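For the sequence shown, our numbering assigns the number 47 to the initial residue and increments by one for each residue that follows.
Even glycine gets a Cβ: it sits at the ideal position worked out from N, Cα and C.
All values reported here derive from a predicted model rather than from experimental measurement.
Only one structure is covered here, and it is reproduced in the block below.
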Amino acid sequence: MDDRGAAEGGGTRAQAIQAAGPGRSRSPRRGGRGARAFLCARVQESRRAGMTKSAARRPVLSLRELNRAMLARQLLLGRANIGVVPAIERLAALQAQWSPSPYIALWSRLVDFRREKLWSAIERHDVIRARLMRGTLHLVSARDFYAYAVATQDLQRGAWNRLQIGNGVDPKKVAALAIAFARKPRPKEEVLEHVQARIGGALGGPFSWLVWRFVSAHADLVTAPPGGHWEYGGTDAPYVAASHWITRGERPPEEDALETLVRRCLAAFGPATLADIAQFAGQVPPRVRPTLERLAPKLRTFSDQEGRLLYDLPRAVRPGADVPAPVRFLPRYDELLISYKHRDRVIAPAHRRAVYTKNAIVEAVFTVDGFAAGTWGLVRTKGEAILRVAPFARLPPRERAAVEAE
């Protein structure tokens with residue numbers, strides 16, 4: 047499954063020596079270091095042979111083919127005439143660290159999108175805003191929330207446990223107290239005070255925000271309005287327990303949750319490598335690998351031009367490399383710019399320093415022919431707002447006109 051080939055370490059000593067062929071007439075001493083080294087070398091050779099044969103059988107996708115597949119999944123080859131909730135599910139999630147980002151992301155992807163459509167979905171609790179993948183704020187559908195929460199909980203909870211926040215405190219008690227108190231939206235300071243008053247001094251740490259992450263991760267706390275509003279730029283949005291906010295669904299088993307996350311990631315960003323999926327999830331690859339291995343018989347595999355193993359859903363769309371790609375404007379922190387470990391299909395290496403800054407800001411970009419071609423931003427004055435673009439290179443007249451039209 048993971049491109050290691052079908053190497054086998056079994057067999058008798060005589061079979062191993064026979065397989066070595068001419069020039070290996072002297073057998074290593076039984077049980078000695080030489081025997082172990084010899085057998086290890088044979089296993090590694092077998093693995094390399096298996097990898098070569100396996101890679102040779104897989105179709106190879108060019109960079110442009112991967113780009114077009116990505117654009118199709120991300121609704122960037124043409125605006126889709128679908129609702130906000132199904133769009134978010136198709137996109138897997140929307141990064142919501144910068145409040146306007148999800149709105150701009152959907153405007154670039156949907157027909158006749160208006161800000162009110164997303165805001166009303168948030169107010170109806172059809173769309174949930176919470177810290178999920180990579181420990182950052184995302185918008186996801188209510189239907190997907192619990193799967194994402196369970197799939198990422200090791201990252202969320204483990205980090206705070208390693209820092210010994212709540213050392214000796216029963217996390218279940220912390221969760222029960224927070225859930226009972228946050229039956230309605232409450233400021234996070236009130237939630238913390240309520241829990242700490244009933245737990246005592248054991249719940250603490252070097253930074254109060256770490257204590258908050260510990261509590262919110264164990265209680266599945268999500269933000270309530272005005273969090274998620276276009277104009278909301280604060281960090282003091284009230285929080286509410288998801289179990290009181292989402293009327294349907296429950297926490298699935300971890301195995302099922304990880305499978306949902308992997309499938310959603312492949313549907314939105316495939317074909318993808320194990321490292322890409324782990325990047326999207328904010329997990330280390332070994333945590334994702336067992337799920338991918340279980341799903342592998344039901345998936346298609348490809349190679350990229352670098353020989354990396356790619357996974358994809360069998361019926362997912364993979365357009366040809368020559369399919370036209372319109373100009374699109376993507377917001378700061380667009381999920382497309384963050385979710386890949388290997389980002390060549392999004393942006394050329396030479397341009398990345400202009401987009402991924404040292405202070406962890408991911409700049410807004412516009413695309414030409416499907417690839418990031420420059421950054422953009424708004425300059426506001428009293429009477430107008432000017433959209434200013436900064437191309438990475440001089441744009442030909444036709445491409446410049448397309449950028450202005452969009």
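> Just how far apart, CA to CA, sit residue 117 and residue 126?
Replying inline: As a first step, residue 117 is located in the sequence shown; it is residue number 71 there, counting from the start. As a first step, residue 126 is located in the sequence shown; it is residue number 80 there, counting from the start. Cα-Cα distance, rounded: 12 Å.
>> Let me check one thing: in DSSP terms, what residues is residue 358 bridge-paired to?
In response: Counted from its first residue, the sequence shown places residue 358 at position 312. DSSP lists 346 as partners of residue 358.
> What whole-angstrom Cβ distance do residue 228 and residue 237 have, given they're in contact under 8 Å?
Replying inline: Sequence index remark: in the sequence shown, residue 228 carries index 182 (1-based). Sequence index remark: in the sequence shown, residue 237 carries index 191 (1-based). Residue 228 to residue 237, Cβ: 6 Å. Contact.
> Below 8 Å between beta carbons: does that hold for residue 359 and residue 347?
Replying inline: By one-based count along the sequence shown, residue 359 stands at place 313. By one-based count along the sequence shown, residue 347 stands at place 301. Result no, Cβ atoms of residue 359 and residue 347 do not sit closer than 8 Å.
> If we call anything under 8 Å between Cβ atoms a contact, is residue 174 one with residue 186?
Replying inline: The residue labelled residue 174 in the question sits at position 128 within the sequence shown. The residue labelled residue 186 in the question sits at position 140 within the sequence shown. Between residue 174 and residue 186, the gap from beta carbon to beta carbon is short of 8 Å.
> Between residue 412 and residue 445, what straight-line distance do the alpha-carbon atoms span, to the nearest angstrom?
Replying inline: Looking up residue 412 in the sequence shown gives position 366. Looking up residue 445 in the sequence shown gives position 399. Straight across, the Cα-Cα distance linking residue 412 with residue 445 is about 12 Å.
>> Can you tell me where the alpha helix (DSSP H) holding residue 149 begins and where it ends?
In response: By 1-based counting over the sequence shown, the position of residue 149 is 103. Counting along the chain, the alpha helix (DSSP H) containing residue 149 begins and ends at 147-153.
>> Suppose the cutoff is 7 Å on Cβ atoms and the five residues either side in sequence are ignored; what does the same chain contact list for residue 331 look like?
In response: Sequence index remark: in the sequence shown, residue 331 carries index 285 (1-based). If we look at residue 331 and ignore the five residues flanking it on each side, its Cβ neighbours are 320, 321 and 324.
> With a CB to CB cut of under 7 Å and the five nearest residues on each side skipped, what residues in its chain are close to residue 198?
Replying inline: The sequence position of residue 198 within the sequence shown is 152, counting from 1. Result list for residue 198: 178, 179, 327 and 328, in chain order.
> If you check the beta carbons only, do residue 148 and residue 122 fall under 8 Å apart?
Replying inline: To locate residue 148, count along the sequence shown from 1; it is residue 102. To locate residue 122, count along the sequence shown from 1; it is residue 76. Their beta carbons are not under 8 Å apart, which means residue 148 does not touch residue 122 by this criterion.
> Which full runs of the beta strand (DSSP E) of 3+ residues lie inside the segment 287-355, going along the chain?
Replying inline: 346-349
>> Contact defined as beta carbons within less than 8 Å: I believe residue 391 pairs with residue 112. What is the distance between those atoms, to the nearest angstrom?
In response: If you number the sequence shown from 1, residue 391 lands on position 345. If you number the sequence shown from 1, residue 112 lands on position 66. Right, the Cβ-Cβ distance comes to about 4 Å (below 8 Å), so this counts as a contact.
>> List, from N- to C-terminal side, the alpha helix (DSSP H) runs of 4 residues or more that fit wholly inside the segment 369-445.
In response: 381-384
>> Closest to residue 302 by C-alpha separation, out of 334, 372 and 215, would be which residue?
In response: Here residue 302 is taken as the residue at index 256 of the sequence shown, counted from 1. For residue 302, the nearest C-alpha among the options comes from 334.
>> Taking the straight line between their C-alpha atoms, what separation do you get for residue 283 and residue 274?
In response: As a position in the sequence shown, residue 283 is number 237, starting the count at 1. As a position in the sequence shown, residue 274 is number 228, starting the count at 1. Taking the straight line from one Cα to the other gives about 9 Å.
> Of the choices 362, 154 and 108, whose alpha-carbon is the least far from that of residue 378?
Replying inline: Counting from 1 along the sequence shown, the entry for residue 378 is found at position 332. If we check each option's Cα against that of residue 378, 154 comes out closest.
> So, is residue 502 buried or exposed, given that buried needs 16 or more other C-beta atoms within 10 angstroms?
Replying inline: Summary: the structure shown does not reach residue 502, with the chain confined to residues 47 through 452, and so no result is reported for it.
> Going straight from the alpha carbon of residue 442 to that of residue 397, what length do you get?
Replying inline: The residue you call residue 442 lines up with position 396 of the sequence shown. The residue you call residue 397 lines up with position 351 of the sequence shown. Between residue 442 and residue 397, the C-alpha separation is close to 18 Å.
> Between which two residues does the beta strand (DSSP E) carrying residue 173 extend?
Replying inline: As a working note, residue 173 is residue 127 in the sequence shown. That run of the beta strand (DSSP E) goes 173-177.
> Can you name, in chain order, every residue of its own chain whose Cβ lies under 8 Å from the Cβ of residue 230, other than the five neighbours on each side?
Replying inline: Residue 230 sits at position 184 when you count from the first residue of the sequence shown. Excluding sequence neighbours, residue 230 sits near 286 and 290.
> Could you give the residue range of the beta strand (DSSP E) that holds residue 184?
Replying inline: Mapped onto the sequence shown, residue 184 falls at position 138. 183-187 is the span of the beta strand (DSSP E), which, as asked, contains residue 184.
> With 16 as the cutoff for other CB atoms within 10 Å, does residue 234 come out buried or exposed?
Replying inline: Counted from its first residue, the sequence shown places residue 234 at position 188. Label assigned to residue 234: buried.
>> Can you tell me where the beta strand (DSSP E) holding residue 106 begins and where it ends?
In response: The residue given as residue 106 occupies position 60 in the sequence shown. Taken as a continuous stretch (DSSP letters only), residue 106 belongs to no beta strand (DSSP E), as it is neither H nor E.
>> Judging by CA-CA distance, which residue of 170, 447 and 150 is the nearest neighbour of residue 372?
In response: Against the sequence shown, residue 372 aligns to sequence position 326. Of the listed residues, the one whose Cα sits closest to residue 372 is 447.
>> Taking 6 Å as the limit between beta carbons, can you name the residues of its chain near residue 310, skipping five residues before and five after?
In response: Counting from one through the sequence shown, the residue named residue 310 turns up at place 264. The residues are 138.
>> Can you list, in chain order, the residues of its chain with a C-beta nearer than 7 Å to that of residue 341? Leave out the 5 residues immediately preceding and following it.
In response: Locating residue 341 in the sequence shown gives position 295, counting from the first residue. Once the five neighbours on either side are set aside, the close Cβ partners of residue 341 are 305 and 308.
>> Please return the same chain residues whose Cβ sits closer than 7 Å to the Cβ of residue 272, not counting the five positions on each side in sequence.
In response: Position 226 of the sequence shown, counting from 1, holds the residue named residue 272. For residue 272, where only same-chain residues beyond five positions count, the Cβ hits under 7 Å are 278 and 283.
> How big is the Cα-Cα spacing for residue 267 and residue 225?
Replying inline: Your numbering for residue 267 matches position 221 in the sequence shown. Your numbering for residue 225 matches position 179 in the sequence shown. Approximately 8 Å between the Cα atoms of the pair.
> Considering only residues of the same chain and omitting the five flanking positions on each side of residue 221, which have a CB-CB separation below 7 Å?
Replying inline: Along the sequence shown, one-based indexing puts residue 221 at 175. Excluding positions up to five away in sequence, the list reads 264 and 265.
> How long is the line joining the alpha carbons of residue 261 and residue 188, rounded to whole angstroms?
Replying inline: Along the sequence shown, read from residue 1 onward, the residue named residue 261 stands at position 215. Along the sequence shown, read from residue 1 onward, the residue named residue 188 stands at position 142. Between residue 261 and residue 188, the alpha-carbon positions lie close to 21 Å from each other.
> Between which two residues does the alpha helix (DSSP H) carrying residue 238 extend?
Replying inline: Within the sequence shown, numbered from 1, the residue matching residue 238 stands at position 192. It spans 234-245 - the alpha helix (DSSP H) in which residue 238 sits, taken as one unbroken run.
> Ordered along the chain, which non-local residues of its own chain (more than five positions away) have a Cβ less than 6 Å from that of residue 54?
Replying inline: In the sequence shown, residue 54 corresponds to position 8, counting from 1. Reliability of the predicted coordinates at residue 54 is poor, the pLDDT of 31 falling under 50, and no value is obtained from them.
> Grouping DSSP H, G and I as helix and E and B as strand, with all else coil, what is residue 199?
Replying inline: On the sequence shown, residue 199 is found 153 positions in, with the first residue counted as 1. The answer is helix: DSSP assigns residue 199 an H, G or I state.
>> Which residues does DSSP list as the beta-bridge partners of residue 228?
In response: To locate residue 228, count along the sequence shown from 1; it is residue 182. Partner(s): none; residue 228 has no beta bridge.
>> By the three-class DSSP mapping on this structure, what secondary structure does residue 126 have?
In response: Here the question's residue 126 lines up with position 80 in the sequence shown. It is a strand residue.
>> Restricting to Cα atoms, I'd like to know which of 172, 169, 108 and 241 is closest to residue 223.
In response: The residue you call residue 223 lines up with position 177 of the sequence shown. Comparing Cα-Cα distances from residue 223 to each of 172, 169, 108 and 241, the minimum goes to 241.
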